[in-house]
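Q: If you read the sequence shown in our numbering, its first letter stands for residue 1401, the second for the next number, and so on. Sharing a structure here in structure tokens format.
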Amino acid sequence: MAARRSAPRAEPARLRLDVDERRRRLVALGLDLFSSRAYDDVSIDELAEAAGISKGLLYHYFPTKKDFYVAIVRAAAEQLLERTGRATAGEPMARLRAGLDEYLHHVGAHRRAYTALLRSGVGSDAEVAGVVDETRAALCARLVEGIPTRGALVPVALRGWIGFVEATTLEWLDGRREAAPDVLRELFVDVLVCAIESAARRS
1401 MAARRSAPRA EPARLRLDVD ERRRRLVALG LDLFSSRAYD DVSIDELAEA
1451 AGISKGLLYH YFPTKKDFYV AIVRAAAEQL LERTGRATAG EPMARLRAGL
1501 DEYLHHVGAH RRAYTALLRS GVGSDAEVAG VVDETRAALC ARLVEGIPTR
1551 GALVPVALRG WIGFVEATTL EWLDGRREAA PDVLRELFVD VLVCAIESAA
1601 RRS
């Protein structure tokens, strides 16, 4: 009887995990650097040196500096949406408040990542702007889910509201405005309710 062949070892899968882990660490490193410095002030040479790898290997994972930056902005967006996605219980206004609590807790704990997401520094780059806009739309839709939003002007009011939330949050994170998170949450709720009611009346 022929000897039974042993099953092939799953080397590719292990290697793929190694690659994914390397990318994850590079993105975390880039997020730290780009959160505190402008896009043009961080060079590929510096990124490679900080990561302890060659510039060629960095380019293997991210073909260009902009590709690297887009991955960083996307990672910051995913972290924010994952955290706010935890608020799923209760009636719509309770979910709104819970979602805002999760949002404020996350941005307070990851202020540099959040700042990098909203102040992404590649000018008017369409891909980066697309990530930010998608995140903004997804966050807004999640927070107001189940709240009546009928009226032609209501979507416009909602876009204005999420902009207000972002600008106010950046002021808070920068230390220019002092407020407890629950006070900010109620401010955001009040402004949202007023914006929706006013837009609905005028639609």
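Quick reminder that beta carbons are idealized off the backbone N, C-alpha and C, glycines included.
Take L1431 and list the residues in its own chain whose beta-carbon comes closer than 8 angstroms to its own, dropping the five residues that flank it on each side.
A: The residue you call residue 1431 lines up with position 31 of the sequence shown. Taken in chain order, the residues that qualify are I1472, A1475, A1476, R1512, A1513, A1516.
Q: So what does DSSP say about F1462, is it helix, strand or coil?
A: Start at 1 with the first residue of the sequence shown, and residue 1462 comes out as number 62. DSSP places F1462 in coil when its eight states are reduced to three.
Q: Pick out the complete alpha helix (DSSP H) segments inside the region 1523 to 1549, 4 residues or longer, and give them in chain order.
A: The qualifying runs are 1526 to 1543.
Q: Shortest alpha-carbon distance to L1433 belongs to which of R1423, W1561, A1538, A1450?
A: Counting from one through the sequence shown, the residue named residue 1433 turns up at place 33. Looking at the Cα atoms, A1450 is the closest of the given residues.
Q: Looking at the secondary structure, which residues open and close the alpha helix (DSSP H) in which L1584 lies?
A: Position 184 of the sequence shown, counted from the start, is the residue given in the question as residue 1584. Segment 1581 to 1601, the alpha helix (DSSP H) holding L1584.
Q: When you compare each of Y1469, L1504, L1429 to E1586 by their alpha carbons, which one comes out closest?
A: Locating residue 1586 in the sequence shown gives position 186, counting from the first residue. Cα-wise, what sits closest to E1586 is L1504.
Q: Pull up the distance between the alpha-carbon of S1436 and that of S1603, whole angstroms please.
A: If you number the sequence shown from 1, residue 1436 lands on position 36. If you number the sequence shown from 1, residue 1603 lands on position 203. Rounded to the nearest angstrom, the two C-alpha atoms are 43 angstroms apart.
Q: What number of angstroms, rounded off, separates the C-alpha of P1581 from the C-alpha of D1501?
A: Residue 1581 sits at position 181 when you count from the first residue of the sequence shown. Residue 1501 sits at position 101 when you count from the first residue of the sequence shown. Each residue's alpha carbon lies about 7 angstroms from the other.
Q: So, are the CB atoms of T1569 and V1507 less than 8 angstroms apart?
A: Sequence index remark: in the sequence shown, residue 1569 carries index 169 (1-based). Sequence index remark: in the sequence shown, residue 1507 carries index 107 (1-based). Yes.
Q: Secondary structure at D1574, three-state DSSP: helix, strand or coil?
A: Within the sequence shown, numbered from 1, the residue matching residue 1574 stands at position 174. Reduced to three states, the DSSP call for D1574 is coil.
Q: Under the rule that 16 or more other beta-carbon atoms within 10 Å means buried, what is R1495, buried or exposed?
A: Numbered from its first residue, the sequence shown carries residue 1495 at position 95. The residue in question, R1495, is buried, as its Cβ has 16 or more Cβ neighbours within 10 Å.
Q: With H, G and I counted as helix, E and B as strand and the rest as coil, what does DSSP make of V1419?
A: For the purposes of this step, residue 1419 is taken as residue 19 along the sequence shown, with counting starting at 1. It is helical.
Q: From this set, L1447, P1463, G1485, which residue's C-alpha is nearest L1543's C-alpha?
A: Mapped onto the sequence shown, residue 1543 falls at position 143. Nearest C-alpha to L1543: G1485.
Q: Pick from L1481, K1455, A1600, H1460: whose alpha carbon is nearest that of A1537?
A: Reading the sequence shown from its first residue, position 137 is the one you call residue 1537. It is L1481.
Q: Where A1595 and L1558 are concerned, what is the direct C-alpha to C-alpha distance, given to the nearest angstrom?
A: The sequence position of residue 1595 within the sequence shown is 195, counting from 1. The sequence position of residue 1558 within the sequence shown is 158, counting from 1. For A1595 and L1558, the distance between alpha carbons rounds to 7 angstroms.
Q: So, helix, strand or coil for S1443, using DSSP?
A: Against the sequence shown, residue 1443 aligns to sequence position 43. Three-state result, S1443: coil.
Q: What separation, rounded to the nearest whole angstrom, lies between the Cα atoms of A1489 and R1483?
A: Here residue 1489 refers to the residue found at position 89 of the sequence shown. Here residue 1483 refers to the residue found at position 83 of the sequence shown. Each residue's alpha carbon lies about 14 angstroms from the other.
Q: Going by Cα to Cα distance, which pick from G1530, D1445, E1597 is closest to T1549?
A: Translated into positions along the sequence shown, residue 1549 becomes position 149. Comparing Cα-Cα distances from T1549 to each of G1530, D1445, E1597, the minimum goes to E1597.
Q: Would A1600 pass as a contact of V1556 if the rule is Cβ separation under 8 angstroms?
A: Numbered from its first residue, the sequence shown carries residue 1600 at position 200. Numbered from its first residue, the sequence shown carries residue 1556 at position 156. No. Outside cutoff.
Q: With P1492 and G1546 assumed to form a contact (beta carbons below 8 angstroms), what rounded beta-carbon distance in angstroms separates them?
A: The residue labelled residue 1492 in the question sits at position 92 within the sequence shown. The residue labelled residue 1546 in the question sits at position 146 within the sequence shown. Their Cβ separation, rounded to whole angstroms, is 3 angstroms, which keeps P1492 and G1546 in contact under 8 angstroms.
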